[in-house]
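K.L.:
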Amino acid sequence: MDIKQLRYFVAVVKEGGFSGAAAKLHLSQPSLSKAIRTLEGQIGFQLLERTTKRVDLTESGRVLYDRALHILSEMDIFEKEVNEVKVAGSGEVRLGMIESVKNWIPNVLGWYREEYPDMHVVLKEVLGRNDIEKALRDYAVHICLTNEFIDEPDIVTTPLYKEKLVLVLNAAHPLADRDNVDLKHLADEPFIITSKGFQTRVNINEAFKEAGVSMDICYDADRFETILTLVEAGIGVSIIPRNYIGKVVPENLAIRELDSPSLERTVYLAFVKNRYRPPAIEALLQRMLASE
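Read in order, the letters of the sequence shown correspond to residues 11 to 302 in the working numbering.
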């Protein structure tokens, strides 16, 4: 049994027959049929139930199919890792990130460009814990900057820095004239909040709950960019990471800090444990860790 035979077997199952699989694999149908019969002979049991219209897995075939999918997935990752080794120092680094790091990351990338000018950097927005775990394990990203703490044995999650979530409102809003604003002042304000599933929304909900204040949610948005556009237009108020706004606050925008422990969060660096990384990618990881 070899990897090629497993690929042939999986292709037949996925295509629901030999003709479709043969076309996809660029093989003749007789050659593919012979390869599957050879595999069945080697393992000692029938894998497929053949009918005139399609093929189906036998009960034993299902066991091998599930294992074959896992093996081929690991093999794909291995092949990618081998290719990464071949192009170490002149390849590609894929960095997952959240919106609020846009004002933190430039210094690191500026250094990286000087040290590794041949490396191509791909920045991918990755949101939500499940998406982060999948992106890291599937090699879609090498490193991820996230506000999610991932407690998994194969993933390292290291704190980088703390960031505050602040109230943002139109500069002409009556609350913009107050030096001190509490959550209770926002009870009747039309609120723009990040969509369900985002950690920022969880933080905001916890803050309002702790303060015993009801929130009038009028708008949901996936991106801070959209939220700020709506706030600047005077459509509502919101709470977003201070780091996203940057050092200079736009003239038509006002920000106020709110006294709530829930409105402070940690930004983490996440990466797969014990996975080989080419020197150029490892250097970027270590630089980020040194920037804590």
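Note that the Cβ used here is the ideal one computed from N, Cα and C, for glycine as well.
#1: Could you give the distance in angstroms between the alpha-carbon of Ile265 and the alpha-carbon of Leu185?
#2: Checking 8 Å against the spacing of the C-beta atoms, do Glu143 and Ile165 come in under that value?
#3: When the distance is taken between beta carbons, is Leu155 closer than 8 Å to Leu273?
#4: Quick one, which of Leu105, Asp226, Leu137 has its alpha-carbon nearest Arg233's?
#5: Can you tell me the Cα-Cα spacing of Asp307 and Val151, whole angstroms?
#6: I need the straight-line Cα distance from Tyr18 to Pro289, nearest angstrom please.
#7: How big is the Cα-Cα spacing for Asp226 and Val247?
#8: Specify whether the region 253-264 and the region 233-243 touch according to this definition: at least 3 beta carbon pairs, one from each stretch, less than 8 Å apart.
#9: Can you tell which of Leu57, Val23, Arg77, Leu82 has its C-alpha closest to the C-alpha of Ser306?
#10: Can you name, in chain order, every residue of its own chain whose Cβ lies under 7 Å from the Cβ of Arg104, other than the five neighbours on each side?
#11: Just the C-alpha distance for Lys63 and Gln52, rounded to the nearest angstrom, thanks.
#12: Would you mind stating whether Asn213 and Trp114 have Cβ atoms separated by less than 8 Å?
#13: State buried or exposed for Pro169, treating a residue as buried only when at least 16 other CB atoms are found within 10 Å of its CB.
#14: If Tyr278 sits next to Phe159, beta carbons under 8 Å apart, how far is it from one beta carbon to the other, in whole angstroms?
#15: Let's test the definition: count the other Cβ atoms within 10 Å of the Cβ of Ser100 and tell me whether it reaches 16, buried, or not, exposed.
#16: If you run the structure through DSSP and keep just helix, strand and coil, what is Gly99?
#17: Starting from the Cα of Leu82, find the closest Cα among Ala21, Ala231, Ala197, Lys283 and give me that residue.
#18: Can you tell which of Tyr229, Lys24, Tyr126 has the C-alpha that lies nearest to the C-alpha of Glu102?
#19: Decide if Ser224 is buried, meaning its Cβ has at least 16 other Cβ atoms within 10 Å, or exposed.
#20: Per DSSP, what kind of secondary structure is Thr239 in: helix, strand or coil?
#21: On the DSSP letters alone, give me the boundaries of the beta strand (DSSP E) that Arg266 sits inside.
#22: Please state whether the Cβ-Cβ distance between Ala221 and Lys257 is less than 8 Å.
#23: Just to confirm the assignment, what range does the alpha helix (DSSP H) spanning Pro260 have?
#24: Which residues does DSSP list as the beta-bridge partners of Thr167?
#25: Given that a residue counts as buried once 16 or more other Cβ atoms are within 10 Å of its Cβ, and exposed if not, what is Thr61?
#26: Measure the C-alpha to C-alpha separation of Asn93 and Arg188 and round it to an integer number of angstroms.
#27: Grab me the residues of Gly27's own chain with a C-beta within less than 6 Å of its C-beta, minus the 5 sequence neighbours each way, in chain order.
#28: Compute the Euclidean distance between the alpha carbons of Val111 and Ile255, then round it to the nearest angstrom.
#29: Over the uninterrupted alpha helix (DSSP H) stretch that includes Ile108, give me the two end residues.
P.N.:
The answer reads as follows:
#1: Approximately 10 Å, taken between the alpha carbons.
#2: yes
#3: no
#4: Leu137
#5: Here the chain covers residues 11 to 302 and nothing more, so residue 307 does not appear.
#6: 35 Å
#7: In this structure, the alpha-carbon of Asp226 lies about 10 Å from that of Val247.
#8: yes
#9: This structure does not reach residue 306, given that the chain is present from 11 up to 302, and the question cannot be answered.
#10: Val132, Lys134, Ala150, Val151, His152
#11: 26 Å
#12: At least 8 Å separates the beta-carbon of Asn213 from that of Trp114.
#13: exposed
#14: With a Cβ gap of about 6 Å, Tyr278 and Phe159 count as contacting.
#15: Because the pLDDT at Ser100 is just 48, under 50, the model does not fix this residue reliably, and the point stays unresolved.
#16: Because Gly99 carries a pLDDT of 48, less than 50, the predicted location of this residue cannot be relied on, and no value is offered for it.
#17: Ranking the options by Cα distance to Leu82, first place goes to Ala21.
#18: Tyr126
#19: exposed
#20: helix
#21: Its beta strand (DSSP E) spans residues 263-266.
#22: no
#23: Where Pro260 is concerned, there is no enclosing alpha helix (DSSP H), given that its DSSP letter is neither H nor E.
#24: Ala280
#25: Around the beta carbon of Thr61, a 10 Å sphere encloses fewer than 16 other beta carbons of the protein chains shown; the residue is thus reported as exposed.
#26: 58 Å
#27: Arg64, Val65
#28: 10 Å
#29: Counted as a single uninterrupted DSSP element, the stretch harbouring Ile108 is not any alpha helix (DSSP H), since DSSP gives it neither H nor E.
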